[in-house]
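Participant: Before we start, here is the structure in question, set down as C-alpha cells.
2 protein chains.
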Amino acid sequence: MGLNKIYAPIADDLEEVERCLQEAAQVDDPLLAELLKYAVEGSGKRLRPAFTLLCGKFYHYNPALLVPMAAAVELLHTATLVHDDIVDHSPVRRGKPTVSHAFGENRALLLGDYLFAKAGRLCADTDNLKVIKLFAQTLMTISGGEVRQTAFTFDLKTARDYYYSWISAKTACLFCLACESGAILGQSPEEAITAMRDYGHNLGMAFQIADDVLDFVGEQGEIGKPVGSDLTEGAVTLPSILYAESHPDDDIIKTVLASKDARDVARAVEKIKNSSSIGKCLDIASDFCSRACRAIEKLPDSIFRSSLVDLANYVITRRK
Amino acid sequence: MGLNKIYAPIADDLEEVERCLQEAAQVDDPLLAELLKYAVEGSGKRLRPAFTLLCGKFYHYNPALLVPMAAAVELLHTATLVHDDIVDHSPVRRGKPTVSHAFGENRALLLGDYLFAKAGRLCADTDNLKVIKLFAQTLMTISGGEVRQTAFTFDLKTARDYYYSWISAKTACLFCLACESGAILGQSPEEAITAMRDYGHNLGMAFQIADDVLDFVGEQGEIGKPVGSDLTEGAVTLPSILYAESHPDDDIIKTVLASKDARDVARAVEKIKNSSSIGKCLDIASDFCSRACRAIEKLPDSIFRSSLVDLANYVITRRK
Numbered sequence: 104m105g106l107n108k109i110y111a112p113i114a115d116d117l118e119e120v121e122r123c124l125q126e127a128a129q130v131d132d133p134l135l136a137e138l139l140k141y142a143v144e145g146s147g148k149r150l151r152p153a154f155t156l157l158c159g160k161f162y163h164y165n166p167a168l169l170v171p172m173a174a175a176v177e178l179l180h181t182a183t184l185v186h187d188d189i190v191d192h193s194p195v196r197r198g199k200p201t202v203s204h205a206f207g208e209n210r211a212l213l214l215g216d217y218l219f220a221k222a223g224r225l226c227a228d229t230d231n232l233k234v235i236k237l238f239a240q241t242l243m244t245i246s247g248g249e250v251r252q253t254a255f256t257f258d259l260k261t262a263r264d265y266y267y268s269w270i271s272a273k274t275a276c277l278f279c280l281a282c283e284s285g286a287i288l289g290q291s292p293e294e295a296i297t298a299m300r301d302y303g304h305n306l307g308m309a310f311q312i313a314d315d316v317l318d319f320v321g322e323q324g325e326i327g328k329p330v331g332s333d334l335t336e337g338a339v340t341l342p343s344i345l346y347a348e349s350h351p352d353d354d355i356i357k358t359v360l361a362s363k364d365a366r367d368v369a370r371a372v373e374k375i376k377n378s379s380s381i382g383k384c385l386d387i388a389s390d391f392c393s394r395a396c397r398a399i400e401k402l403p404d405s406i407f408r409s410s411l412v413d414l415a416n417y418v419i420t421r422r423k
Numbered sequence: 104m105g106l107n108k109i110y111a112p113i114a115d116d117l118e119e120v121e122r123c124l125q126e127a128a129q130v131d132d133p134l135l136a137e138l139l140k141y142a143v144e145g146s147g148k149r150l151r152p153a154f155t156l157l158c159g160k161f162y163h164y165n166p167a168l169l170v171p172m173a174a175a176v177e178l179l180h181t182a183t184l185v186h187d188d189i190v191d192h193s194p195v196r197r198g199k200p201t202v203s204h205a206f207g208e209n210r211a212l213l214l215g216d217y218l219f220a221k222a223g224r225l226c227a228d229t230d231n232l233k234v235i236k237l238f239a240q241t242l243m244t245i246s247g248g249e250v251r252q253t254a255f256t257f258d259l260k261t262a263r264d265y266y267y268s269w270i271s272a273k274t275a276c277l278f279c280l281a282c283e284s285g286a287i288l289g290q291s292p293e294e295a296i297t298a299m300r301d302y303g304h305n306l307g308m309a310f311q312i313a314d315d316v317l318d319f320v321g322e323q324g325e326i327g328k329p330v331g332s333d334l335t336e337g338a339v340t341l342p343s344i345l346y347a348e349s350h351p352d353d354d355i356i357k358t359v360l361a362s363k364d365a366r367d368v369a370r371a372v373e374k375i376k377n378s379s380s381i382g383k384c385l386d387i388a389s390d391f392c393s394r395a396c397r398a399i400e401k402l403p404d405s406i407f408r409s410s411l412v413d414l415a416n417y418v419i420t421r422r423k
C-alpha cells in the first residue's frame with residue numbers, strides 16, 4: 104500500500120506540518136534561510152510526523168499541539184541526519200548532496216545546532232513538560248549512542264547485541280518519541296501510551312534493519328546513495344553480522360574494515376547480498392514488525408490503528 | 104576584587120552547581136564519561152551560573168530550581184565552545200587542548216550535541232515553560248548568529264554594526280539567559296526581570312569586547328591561547344575595526360584576512376596593540392558595563408546586587 108493511502112486519515116494535518124516546516128525555514132538571514140530550505144525541503148517520507156499525528160488520534164485529538172510536535176520530531180530527525188553526514192563524510196543523501204558537501208562542514212554543523220534548537224522550541228510550544236523532557240532525553244540517547252559508536256570495533260561475539268543497542272539509540276528511540284509524544288498529547292490513558300511507545304520502538308528496530316538490508320540489495324537510484332555505503336563508512340550492520348556468524352572462516356568483513364578498499368566493499372556486498380543472511384534479516388525485521396502491531400492490538404479499532412498497521416508493513420516492504 | 108569574594112553570597116550553591124555538573128558527567132559509557140569529564144572540568148570561571156544564582160536571590164530564592172538552571176546555562180555554554188572550536192579549528196582553550204584536538208572532530212561534534220541535550224534536560228527540570236522557551240530561543244540565536252558569521256566579509260562601513268550584532272548573538276544572548284532565567288525562577292516582578300535581562304545583555308557586550316581586547320594585549324600564559332588568535336581565524340573584532348576606522352590608508356586588516364600569514368598577524372597585532380584603539384575599546388566596554396550597573400540600580404539593595412556590580416567591574420578589568 105502506498106503512503107498516500109496510509110496517510111489519508113491525517114492528510115490535512117500532515118499538510119499543516121509541512122507548512123510549519125516551511126515556516127521554520129523563513130528567517131531573516133538569507134544564508135540561514137537557504138540552508139534551512141535545503142535541509143527541510145525534499146523527498147523525506149515524513150514517517151515520524153505521521154506517527155505523531157496518528158498516535159494522537161485515538162482519544163482527544165488536538166492538532167494545535169500535535170502539529171508543532173510532529174514538526175519538532177521531523178526537525179530533530181533532520182538535525183541528526185545533518186550531523187551524521189558530517190561524521191560519516193557522506194556525499195549524498197536522498198539522491199542529493201548532503202548539507203556538508205553542498206555548503207561545507209562548518210555550516211552543516213551550525214545548521215544542525217540551529218535545527219536542534221528550533222525543534223526544541225516547537226516541542227516547547229506544546230506546553231507539555233512530559234513531552235519536553237522526553238524530547239531532551241531522546242537527543243541525549245541519540246548523541247550518546249553515536250559517541251559510543253565512534254569507539255566501535257568489530258567483535259563477532261558481541262556484534263549482534265552491540266548492533267541492537269546501536270540501532271535502538273539511533274533510530275528506534277526517535278520512533279518512540281514520535282509515537283509516545285503523540286499518545287501523550289492526545290491524552291491517551293497510561294496503557295495506551297505504553298502500547299504506542301512499544302509500537303514505536305519495535306517499528307524503529309524493524310525500519311533500521313530494513314534500511315540496512317536496502318544498503319545491500321537496493322538500487323542506488325532508489326535508495327538515494329551508493330550501495331554498500333555502510334561498509335564503506337566502517338558500519339557493520341545486521342546483514343554483515345549474520346553473514347559473518349554463518350561463515351566463521353570467511354574474513355571478508357574484517358578485510359573490508361581494515362582496507363576500506365572499494366573493491367573489497369564490492370566483493371563483500373556481492374557475497375552478503377547472495378547469502379541467506381538477507382532473508383534472515385528480513386525475518387528478524389518482520390518479527391519486530393509483528394511485535395509492533397501486537398503492541399497496539401488493544402487500542403480502539405479505527406482507521407488510525409489500521410494506518411499504523413499499514414505503516415508497519417510499509418516500513419519492511421519499502422524499496423527506498 | 105577576586106571572584107571568591109564576589110561569589111561569597113552564593114558559594115554553597117555554586118558548589119551544588121559543580122556537583123550537578125560532575126553528576127552530568129557520570130554516565131555508563133566510558134568514552135562518553137571521559138569526554139564529558141574533559142569538557143566540564145577545568146578552569147572555567149563559572150560566571151554564567153553565578154549570574155543565574157545571584158539573579159535568583161532577590162525575591163523568592165529557590166535553589167532546587169536555580170541550581171539545575173545554572174548548570175544548564177554552563178553546559179549550554181560548554182556545548183557552544185566545543186562546537187566553536189571545531190568550526191575555528193582551535194587547538195587550545197583555557198590552556199589545554201580543545202576537545203576536537205584531543206579527541207577528534209567527530210567526537211567533539213557528537214559530545215556537543217549531547218551537551219545541548221543534557222543542558223536542555225536540566226533546564227526542563229525547572230518545570231518552567233517560560234525558561235524552557237527562552238533556553239531554546241537562546242540556542243537558536245547563538246547558532247543562527249554563527250551561521251551568519253560564516254558568510255562574514257570585512258567591510259569597514261558596516262563593520263561596527265556587524266560586530267555588535269555578532270557578539271550580541273554569540274555572547275550577550277547567553278548572559279541574558281543566565282540572568283533572566285535566574286530572575287524568572289526567583290519569582291521576580293516583571294520590571295525586575297527586565298532589569299536583570301538588560302544587565303545581562305550589557306554585561307555580555309562588555310565581556311566580549313574585553314575578551315577581544317585580551318586577544319591583543321593578554322599574555323598567552325594567562326589567556327590560555329595564542330595572542331592574535333582571532334585574526335588568525337579571520338575574525339575581525341572591535342580593536343581591529345577601530346584601528347581600521349582611524350587608519351583609513353593602512354590595509355593591514357585586509358592583508359591579514361587575505362594572506363592569513365603568521366607574520367602579517369604578528370605585524371597587525373603589534374600595530375593595533377600600540378594604537379589608541381585598545382583604549383577606545385576599553386572605554387566602550389566600560390560604557391556597556393555602566394549601562395549594566397544602571398539597569399539594576401532599582402533592584403533591592405543587597406549583597407547580591409553588590410556582587411552583580413562587582414562582577415560587572417571584574418569582567419572589564421580581568422586579565423584572563
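Residue numbers (the numbering used here), protein chains in the order written: chain S, 104 to 423; chain C, 104 to 423. Yeah, the Cβ is synthetic: ideal placement off N, Cα and C, and Gly gets one too.
For glycine 196 of chain S, which of helix, strand or coil comes out of DSSP?
Facilitator: It should be pointed out that residue 196 of chain S corresponds to arginine in this sequence rather than to glycine. Strand.
Participant: What separation, rounded to the nearest whole angstrom, lies between the Cα atoms of phenylalanine 407 of chain S and alanine 338 of chain S?
Facilitator: Going by the C-alpha atoms only, they are around 36 Å apart.
Participant: Between glycine 247 of chain S and arginine 370 of chain C, what straight-line distance do the alpha-carbon atoms span, to the nearest angstrom?
Facilitator: For glycine 247 of chain S and arginine 370 of chain C, the distance between alpha carbons rounds to 44 Å.
Participant: Alpha helix (DSSP H) containing methionine 104 of chain S: first to last residue?
Facilitator: No alpha helix (DSSP H) holds methionine 104 of chain S; DSSP gives it neither H nor E.
Participant: Take every Cβ of the segment 289 to 304 of chain C, pair it with every Cβ of the segment 152 to 167 of chain C, and state whether three or more of those distances are shorter than 8 Å.
Facilitator: As far as the Cβ criterion goes, the segment 289 to 304 of chain C touches the segment 152 to 167 of chain C, which means the pair count is three or higher.
Participant: Could you list which residues in chain S have their beta carbon closer than 9 Å to that of arginine 151 of chain C, in chain order?
Facilitator: Under the 9 Å cutoff, chain S gives no residues; its nearest Cβ is about 17 Å from arginine 151 of chain C.
Participant: Please return the same chain residues whose Cβ sits closer than 6 Å to the Cβ of phenylalanine 154 of chain S, not counting the five positions on each side in sequence.
Facilitator: Answer for phenylalanine 154 of chain S: Ala281, Cys282, listed in chain order.
Participant: Alpha carbon to alpha carbon, how far is leucine 117 of chain C from serine 380 of chain C?
Facilitator: Rounded to the nearest angstrom, the two C-alpha atoms are 37 Å apart.
Participant: For the segment 193 to 208 of chain S against the segment 250 to 264 of chain S, do three or more pairs of beta-carbon atoms, one drawn from each stretch, fall closer than 8 Å, so that the two count as touching?
Facilitator: Verdict: no, contact absent.
Participant: By Cβ distance, which residues of its chain are closer than 7 Å to aspartate 228 of chain C, with the 5 residues on each side in sequence left out?
Facilitator: Here the set comprises Pro171.
Participant: Measuring only the C-alpha atoms, how far is lysine 404 of chain C from phenylalanine 219 of chain S?
Facilitator: The residue you asked about is not lysine; residue 404 of chain C is aspartate in the sequence shown. If you take the alpha carbons of aspartate 404 of chain C and phenylalanine 219 of chain S, they lie about 40 Å apart.
Participant: Check whether the segment 299 to 309 of chain C and the segment 383 to 399 of chain C are in contact - that is, three or more C-beta pairs closer than 8 Å.
Facilitator: Yes: at least three Cβ pairs fall under 8 Å.
Participant: Which residues in chain C sit within 7 Å of aspartate 230 of chain S, going by Cβ to Cβ distance?
Facilitator: Ordered by position in chain C, the residues that pass the 7 Å Cβ test against aspartate 230 of chain S are Leu232.
Participant: Between the Cα of serine 378 of chain S and those of S:Ala388, S:Ser389, S:His350, spot the shortest distance and give me the residue it belongs to.
Facilitator: Of the listed residues, the one whose Cα sits closest to serine 378 of chain S is S:His350.
Participant: Tyrosine 217 of chain S touches chain C at which residues, Cβ-Cβ below 7 Å?
Facilitator: The answer, in chain order, is Met243, Ser246, Gly247, Val250.
Participant: Using a Cβ-Cβ distance under 8 Å, would valine 143 of chain S count as near chain C?
Facilitator: Judged by the 8 Å Cβ criterion, valine 143 of chain S is not in contact with chain C.
Participant: Around the C-beta of threonine 244 of chain C, are 16 or more other C-beta atoms found within 10 angstroms, so that it is buried, or is it exposed?
Facilitator: That one is buried.
Participant: I need the straight-line Cα distance from alanine 236 of chain C to lysine 376 of chain S, nearest angstrom please.
Facilitator: Strictly speaking, residue 236 of chain C in this sequence is lysine, with alanine absent from that position. Cα to Cα, lysine 236 of chain C sits roughly 48 Å from lysine 376 of chain S.
Participant: Using the beta-carbon of each residue, which ones in chain S are nearer than 7 Å to arginine 224 of chain C?
Facilitator: Within 7 Å Cβ-Cβ: Lys236, Ala239, Gln240, Met243.
Participant: Leucine 212 of chain C to leucine 179 of chain C, Cα distance in whole Å?
Facilitator: Using only the alpha carbons, I get a separation of about 14 Å.
Participant: Taking 8 Å as the threshold (C-beta atoms), are cysteine 392 of chain S and alanine 309 of chain S in contact?
Facilitator: Taking 8 Å as the Cβ cut-off, alanine 309 of chain S and cysteine 392 of chain S qualify as a contacting pair.
Participant: For the pair the segment 177 to 191 of chain C and the segment 316 to 323 of chain C, tell me if three or more CB-CB distances fall below 8 Å.
Facilitator: Contact fails: fewer than three Cβ-Cβ distances are below 8 Å.
Participant: Under a three-way DSSP split, which group does phenylalanine 407 of chain C fall into?
Facilitator: Phenylalanine 407 of chain C: helix per DSSP, three-state reduction.
Participant: Can you pull the chain C residues whose beta carbon is under 8 Å from the beta carbon of lysine 363 of chain S, in chain order?
Facilitator: Near lysine 363 of chain S there are no residues of chain C at all, since even the closest Cβ is about 16 Å away, more than 8 Å.
Participant: Taking just the CA atoms, how far does tyrosine 346 of chain C sit from aspartate 352 of chain C?
Facilitator: Computed Cα separation, rounded: 11 Å.
Participant: Confirm the yes/no value for this check: CB of arginine 300 of chain S, any heavy atom of the ligand GTP, distance under 7 Å.
Facilitator: Among the components modelled here there is no ligand, and therefore nothing to report on the ligand GTP.
Participant: Anything in the segment 187 to 216 of chain S with a Cβ closer than 7 Å to a Cβ of chain B? List those residues in chain order, please.
Facilitator: No chain B appears in the structure shown, which is made up of the protein chains S and C.
Participant: Near leucine 135 of chain C, which residues of its chain fall below 8 Å by C-beta distance, leaving aside the five closest residues on each side in sequence?
Facilitator: Excluding sequence neighbours, leucine 135 of chain C sits near Leu214, Tyr217.
Participant: Rounded to the nearest angstrom, how far is the Cβ of alanine 275 of chain C from that of glycine 307 of chain C, given a contact under 8 Å?
Facilitator: About 3 Å separates the two Cβ atoms, so the contact holds.
Participant: Measuring only between beta-carbons, confirm whether aspartate 132 of chain S sits less than 8 Å from chain C.
Facilitator: It does; some Cβ of chain C falls within 8 Å.
Participant: Please compile the residues from chain S whose C-beta is within a distance smaller than 8 Å of the C-beta of alanine 262 of chain C.
Facilitator: Result: empty, since nearest Cβ-Cβ is about 18 Å, beyond 8 Å.
Participant: Cα-Cα, which of C:Lys328, C:Phe238, C:Leu411, C:Asn416 is closest to leucine 157 of chain C?
Facilitator: It is C:Leu411 whose Cα lies nearest to the Cα of leucine 157 of chain C.
Participant: Thinking arginine 197 of chain S and glycine 147 of chain S are a contact (beta carbons under 8 Å), I'd like their distance in whole angstroms, please.
Facilitator: That belief holds up - the Cβ atoms of arginine 197 of chain S and glycine 147 of chain S are roughly 7 Å apart, short of 8 Å.
Participant: State the Cα-Cα distance for the pair valine 359 of chain C and alanine 313 of chain C, rounded to the nearest angstrom.
Facilitator: Rounded to the nearest angstrom, the two C-alpha atoms are 22 Å apart.
Participant: Given this structure, state the Cα-to-Cα distance separating lysine 374 of chain S from isoleucine 355 of chain S, to the nearest angstrom.
Facilitator: Taking the straight line joining both Cα atoms gives about 9 Å.
Participant: Tell whether a beta-carbon distance below 8 Å holds between serine 284 of chain C and valine 176 of chain C.
Facilitator: For serine 284 of chain C and valine 176 of chain C, yes; Cβs fall inside 8 Å.
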